[in-house]
Each structure stands twice: as C-alpha cells, then as structure tokens.
Amino acid sequence: MQFDSWQAFVAMGGHGLYVWLAYGVAVLSLVAGAMVQIRRRKSVLRNIRQHYNNESEV
Amino acid sequence: MPLHLLFFCVWRREWRLTWRNISSSLNSVWFFIMVCTLFVIGIGPDRQALAEIAPGVIWVIALLATMLAVDGLFRHDFTDGSLAQWLLSSQPWYFLLLFRLLTQAVFIALPLALVAPFLGLLMDLPGMAVLPLVASLLLGIPVLVLLGAIGAALTVGFERGGLLLAVLILPLYIPVLIFAIAAVQAAALGTAYSAHLALLATLLLLALALCPLAVNAALRLNFYY
Amino acid sequence: MWAWFHKLGSPRWFYRISDLCLPWLTVAGLLFLVVGVVWGLLFAPPDYKQGNSFRIFYLHVPTAVIALVGYYVMAIAGAVSLIWKMKLADIVMKEAAVIGALLTFLALFTGAVWGKPTWGTWWVWDARVTSMLILLFLYIGVIALNNAFTHPEQSGKACAVLSLVGTVNIPIIYKSVDWWYSLHQPATIKFTERSTIHPDMFWPFVVITVGFYVLYAVALMFNTQTAILEREYRTQWVRDKVQQ
Amino acid sequence: MLELKDLSCQRAEQALFSGLHLHLHQGDCVEVRGTNGSGKSTLLRIVAGLAQDFTGEVFWRGQKVEHDRLTFQKDCLFLGHQPAIKPSLTVTENLQWLTALKVPCEEQRLQQAIAQVGLAHRAATACHHLSAGQQRRVALASLLTTACDLWVLDEPFTALDDQGVTLVTGLLQRHLQLGGIVIVATHQRLQGIPHSRELQL
Chain H
1 MQFDSWQAFV AMGGHGLYVW LAYGVAVLSL VAGAMVQIRR RKSVLRNIRQ
51 HYNNESEV
Chain W
1 MPLHLLFFCV WRREWRLTWR NISSSLNSVW FFIMVCTLFV IGIGPDRQAL
51 AEIAPGVIWV IALLATMLAV DGLFRHDFTD GSLAQWLLSS QPWYFLLLFR
101 LLTQAVFIAL PLALVAPFLG LLMDLPGMAV LPLVASLLLG IPVLVLLGAI
151 GAALTVGFER GGLLLAVLIL PLYIPVLIFA IAAVQAAALG TAYSAHLALL
201 ATLLLLALAL CPLAVNAALR LNFYY
Chain Y
1 MWAWFHKLGS PRWFYRISDL CLPWLTVAGL LFLVVGVVWG LLFAPPDYKQ
51 GNSFRIFYLH VPTAVIALVG YYVMAIAGAV SLIWKMKLAD IVMKEAAVIG
101 ALLTFLALFT GAVWGKPTWG TWWVWDARVT SMLILLFLYI GVIALNNAFT
151 HPEQSGKACA VLSLVGTVNI PIIYKSVDWW YSLHQPATIK FTERSTIHPD
201 MFWPFVVITV GFYVLYAVAL MFNTQTAILE REYRTQWVRD KVQQ
Chain C
1 MLELKDLSCQ RAEQALFSGL HLHLHQGDCV EVRGTNGSGK STLLRIVAGL
51 AQDFTGEVFW RGQKVEHDRL TFQKDCLFLG HQPAIKPSLT VTENLQWLTA
101 LKVPCEEQRL QQAIAQVGLA HRAATACHHL SAGQQRRVAL ASLLTTACDL
151 WVLDEPFTAL DDQGVTLVTG LLQRHLQLGG IVIVATHQRL QGIPHSRELQ
201 L
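So the sequences go chain by chain: H, W, Y and C.
Under my numbering, think of the first position of the first sequence as 1, with each following residue one higher.
Under my numbering, think of the first position of the second sequence as 1, with each following residue one higher.
Under my numbering, think of the first position of the third sequence as 1, with each following residue one higher.
Under my numbering, think of the first position of the fourth sequence as 1, with each following residue one higher.
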C-alpha cells in the first residue's frame, strides 16, 4: 500500500483534486452512458410492444 | 471520347457556367477581403502584431471562403436533374469527375490567389512572403476544393447543407492548413519554405488521385431511391 | 467460407451470440477495470517527477488508445457495410461512432485534468492531445452526418464513405500535427511517450486497458442489439423475443 | 435484348414490387402505369442503373449490367422528371453537353435535331428564357442526337402542348421501327403505338 492512512490516500500528495476529478468524471460518464443506453433499450422495447398491440387491435 | 477532348469539353462547360454567373463565384473573393478587414479591425491597427498573424489569418479565411464556394458545387446539378446524366454517362466516370473537380479547383483558387497579395499588403505581410503565399494558395486551395467536394457530394440532398459540410470537412482541412501556413511563416522569416510547398504538393497529388472515388460513391448515394 | 461470412452478417445470429456472451463479458470487463484501478490508485508507486497526479495516466492513455482503435473499428464496419451491403455492419458502425466519441471526450478531459498539475494550465497544445481533439471532430462529423439523413440505409452508406475518408486522413493528420507541434515548440518532454516505464506502473495500465477493451465490446454489442430490435421489429424472430 | 429477372424493391417498409420479370426484344414498347408513389420512377431508375436499393438482376444483350456498366450506359438514355437543362447555358450548349455525355456528334446534327423539336429559332438563347415545355423539348432533342437503343422515359409528356405530344409519339414510333426499345412511365395512354405492352404497378 502506497498510502499509510485514509487521509493521505484522499489527499494524494496534494494532487487529490485532479486525480479524483479525472476518475470521478470518468466513472460518472461511463455510468451515465450505460444508463442512457439501458433507458434507450427499454423505450425501444416499449414502442415495439405498443406497435404490436396496435397491430393486433386493427 | 479521348481524354483530352473530354477535358476540353468539361472545361468549356464549367467555364461557361462560371463565367455566366461570375458574380456568384466572385462572392468568395468579397468574403475573403471583408473577413480579412474584420480581423484587422478586431485585432487593431498595430502593424507589428498584424504582420505576425497575417499568414495564419489570410490562410484560415481563404480556407473558409473555399468551403463556402464548394458548398453548392453539386446542389444545382442535383435539383435540375443534370447530376443524373453525369452518373449515367458512357464516358469513364473517374475522369469526368476528376476534370470537373479540377476545373472547379482552378476557378475557385485563381481569384483568391490573385487577391491575396493585396491582403498581404493590408496586413503588412513581409514582401518576401507574398510570392510563397500565392504559391501556397495555388497548391493548397485545390486540395481544399477536392476534399470539400466529398462533403458537398454527401450533403447534396439537404438545402442548408453548408453548416453540415463544415462539420464534416474541416477536420480534414487541418493538414493542408498546417503545411501552407508553415510555408508562408517560413518565408516571412526568410528561411527556406520549399519543403513545406513540396508537402503541400504531395497532398494535392494524393487528393487528385483519391477524391474522385469518394465523390463518386457519395454522389451515387443521393440516387439511392 | 462465404456462407459463414454472410451468416455472421445476419442480425438474428448476431443477437443470439451476443446474448450468450454479454453477461460473461460484462463481469470480466468490470473485474479487470476494478482490479486495474485499485492497483493503479493504491499500489502503484507515484511518478518521481509528477507525484500522484501521474495516476491519471492509467485512465487517459487507455481511453485514448481505444478511442483511436474505435475509429478503425467504425471504418472497417463501414467498409463491410459498403462493400458487402451487410445491414449488421451498418448498425455496428453507427453505434461505434457514439461510443468512440464518448471515449475520445473522456480521453481529452482526463488529459486536460492531468495537464493542470504537471504544466499549470488546463489545456496544453501537445501534439497527442491536439490530434485527439481532431479525432473527436471526426467522430462528431460522422454522428452529425448520420443524424442528417432520414433513411437509415442512405445514412449508413454516407457515414461509411465519410469514415473511410477519415481513416485515410488520420495518419496524415497525426503526422502533420506532430510536425506542427515540433515546429512551434522546441522538443520539450513528450506528453505520453513514456520510454522506459517502471514495471510496477506498466501492469496496472495493461489490466485497465484490457478492461476498457472488453467494456468497449460489451457496450458496442449491447447498443447494436438495441438498434437491431429497433430496425427489425417487423421480423418474426424479434416479435417472438419481445413478446416472450 | 433487355431482361429484368426477379426484380423487387422495398420502400418505407412495404414492397413496391417484387418478383418482377420482364423480357423485351427489339421494337418493344412498355408503358409503366400506376398511381403516384407506386414505384414507377423507382423502376425506371433501377433499369437505368441509378438506384441501387433493389434485389434481382438486369441483363442487357444477355450480359449482366453490373459487369460492364459503361457499354450499357452507352446504349441507354434516361430522361427523368427534370429535363437536366442548365438555365444559363444556351439550347445548343445544353444539347451538346447531353450528347457529349453519351457519344459526341457533329454540330450539324445538333442543329438538325433542334430544328426537328421546333426550337430552331431559339438555338442560341439561354434556357432560362425558355418555358418549361421548351426546356422539355431540348431534353427530347437529345433522344435524336444520341444513338441509344434503349429509351427510359419518366413522364416525357409533362409540360408539353399538343404539338409536343404528337412530336414525342412520332419520335417513339420511328425509334421502335428502327428496332429500339422504349420503357415509358406515363399517366395518359400512348396513342398511335401499335402493340405497346402495359405494366401495372
């Protein structure tokens, strides 16, 4: 372990802001990207089912 | 039909079309001059500052003027149906397109290259850099026209395709811009600039060889239906 | 061989295959990523000059590498869809463009954040970062062109042509930007070319890169599946799958 | 001469036509009939080689068109909705260009064709001075100056007056007698063409 204490780990030898900013934005954008795609999958499925229902009623 | 005859035939047609509505092809020259003066007004009349940025400013505005000129290259042909006849011709499509793009490149590059020395004067460009500036414009702008033709062919179906053309094509313009401005800046400092012009010439040859293929593929797209 | 190749192209076959391996790949990818990040953040030694801010290297370089590889994946998919008129390749290309653009943005952002402690400015016009910015513009160009068309087949072919033209231009752009950078900047340190890298720093980088590659494949497959459902909703196999 | 094998084309999720077979010999004329949006123009574009979004094959003189597109395009002339005329060019220049795209012919033949379509007095005027009907006649003049066996005409009668219609019918008759083939998409029945087949889409 490079850091002896939890505070040292967060402070990252003074560069904590930049390291956590980079990693934070990276994790956030990956998670956001995944969420967007999952929501897109759900809306596509909903539209398709709706289309099938309309077709079956006609 | 032998190629030289085909070239002469295409040249004569493009020459007539350009000459008969010369005012629309001169718009790119007015644009070039006006935006240069805008830059001078924006940056201020300090001669020393202007001289330093003159090559960059002149070339970037020439690039934008070329892009605006290239935007409507195929649109009129598409709307009045003559683009279909181009694609259905029995002449080899590669040379037909190549000669067309070559003549358009000459008709767009010449006016801008002729005006550039006066703009160099306007922006206090060192005297020895004027000739390399004109040479770099004569070598660089045809490359921009050839690359822009690909974008124009892709966006021929859209009325306001100009903005989309910029988004598609500007990244591809960057190498030409880099080599051309480097040539003019080297000349302004009095150092050798022939290497930069040689690189520009290679880009021109590469574009001449490959662009017609891409333009043909892109044009045939618009007749997908 | 030919039949196999066209079988590969059928969306239904692709959907079944990707359904099988998606869960495994996601788990493997996340595992690699977490192990790599923990290793890089906690156990790898700090850089003697840059200190701990060097740890952003483990994020910036993998995303940059995969962003560039992603462009070639997109161009190859475009070429396949143009030459063999394969609908699946057309969908893969469009999804690869979106993922690639996200990765390029990520690479640029981490690069900028990394530049602040090391050079004191948020944006440094280094050759590598500048060509990464142009790569982002190329991605944006393909996405803009894709959204401009109404018919999916037509936009597929147009994007294929543009991505192929982009691929021919990427080496030229990279070389000319390097040349431009060395022209204006006397040879200062290269941004990411770490000639000799300490093995302790190298292994977490490899693990993270593998993690990113696997997750790129997972994202591409998942998005392609969604696009297949969207486009093929009239076929019977989609109907059965959706109404299960 | 011309053979369409199992041609099918899909448009906006429903099939315009499918499994279409057509075999044409010298002197045949086909009228493609159908309501708007029934795929008349698309079929003509497929035959001419413009459209790509179709399945099936097109054979010309027993040979697949894709293999040697240039010779097919030397024999086939396509007239679309717009007359492919540049407004700022004169009638002669436009006709010269349209012919040069196929096989160039000498000046005297151009003037003769212009006279035949009734634009002799307008040969040197720019086309933006001409009416739509006259511009259509310039495009029709290219039928005379190009030695194409296959004519693919998409609504050639639009904007034409009565003399124009008789002129076109006359052109078609002579072309068929000389052993040419005509595929035409029109709304009005073709009078005076003896045995023209009809293709309903």
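All C-beta atoms in this analysis are idealised placements derived from N, C-alpha and C, irrespective of residue type, glycine included.
query	result
Reduced DSSP category for C:D6 - H, G, I as helix; E, B as strand; rest coil	strand
Local conformation of C:A147 per DSSP, three classes	coil
Cβ of H:R49 within 8 Å of any chain Y Cβ	yes
Nonlocal neighbours in the same chain, by C-beta distance under 7 Å from C:E155, ignoring five residues either side	H81, A185, T186
C:C105, DSSP secondary structure in three states	coil
7 Å Cβ shell around Y:T63 - same chain, five flanking residues per side excluded	L103, L106, A107, T110, F212
Residues, ordered as in the chain, of the region 5-20 of chain H that lie near chain Y by beta-carbon distance below 8 Å	F9, M12, G13, G14, H15, G16, Y18, V19
7 Å Cβ shell around W:T74 - same chain, five flanking residues per side excluded	As written in the sequence, residue 74 of chain W is Phe, which differs from the Thr given in the question. Excluding sequence neighbours, W:F74 sits near L83, A152, A153, V156, L219.
Within the region 115-185 of chain W, ranges of the alpha helix (DSSP H) (whole runs, at least 4 residues)	130-154
is_contact[C:H121, chain W] using C-beta, thresh 8 Å	no
Where C:A48 meets chain W, residues with beta-carbon distance less than 9 Å	A84, L88
Residue burial classification, C:S142 (beta-carbon count within 10 angstroms, cutoff 16)	buried
Secondary structure of Y:V124, DSSP reduced to three states	coil
Chain-ordered chain W contacts of C:H81 [CB-CB under 8 Å]	G81
Amino acids of chain W, ordered along the chain, whose beta-carbon sits closer than 8 Å to that of C:K74	S90
Contacts of Y:N146 in chain H (Cβ-Cβ under 9 Å)	Here the premise fails: no neighbours, minimum Cβ distance about 15 Å.
Near-chain H residues of the region 45-60 of chain Y (beta-carbon distance less than 7 Å), N- to C-terminal order	P45, P46, G51, N52, S53, R55, I56, L59
Which listed residue (Y:V124, Y:W114, Y:N146) has its alpha carbon closest to that of H:H15	Y:W114
Exposure label - W:H196; buried when at least 16 CB within 10 Å	buried
C-beta neighbour in chain H for Y:R16, strict 8 Å	no
Sub-8 Å separation of C:L2 and C:L24 beta-carbons	yes
Proximity winner among W:L206, W:L131, W:G72, relative to W:G148 (alpha-carbon distances)	W:G72
First and last residue of the uninterrupted alpha helix (DSSP H) at W:H196	194-221
Distance between H:R39 and C:T42 (C-alpha atoms, nearest Å)	38 Å
Y:L68 versus C:V65 - alpha carbon distance	40 Å
Euclidean distance between Cα positions of C:D162 and C:T71	35 Å
Contacting positions in the region 94-111 of chain W - beta carbon closer than 9 Å to chain C	L96
Whole-angstrom distance between W:A180 and W:L137, CA atom to CA atom	8 Å
Nonlocal neighbours in the same chain, by C-beta distance under 6 Å from W:V29, ignoring five residues either side	P111, V115
Within chain W, the residues that C:I193 reaches when beta carbons sit closer than 9 Å	Those do not exist, as C:I193 stays about 25 Å from chain W at its closest Cβ, beyond 9 Å.
For C:T42, three-class secondary structure by DSSP	helix
Neighbouring residues, chain C, relative to W:L17 (Cβ below 8 Å)	K86, S88, L89
Distance, H:V44 Cα to W:A188 Cα	60 Å
For C:L130, the three-state DSSP class (helix, strand or coil)	coil
Contained alpha helix (DSSP H) runs [length at least 4] in the region 93-159 of chain Y, N- to C-terminal order	127-148
H:R40 at chain Y interface by Cβ criterion, 8 Å	yes
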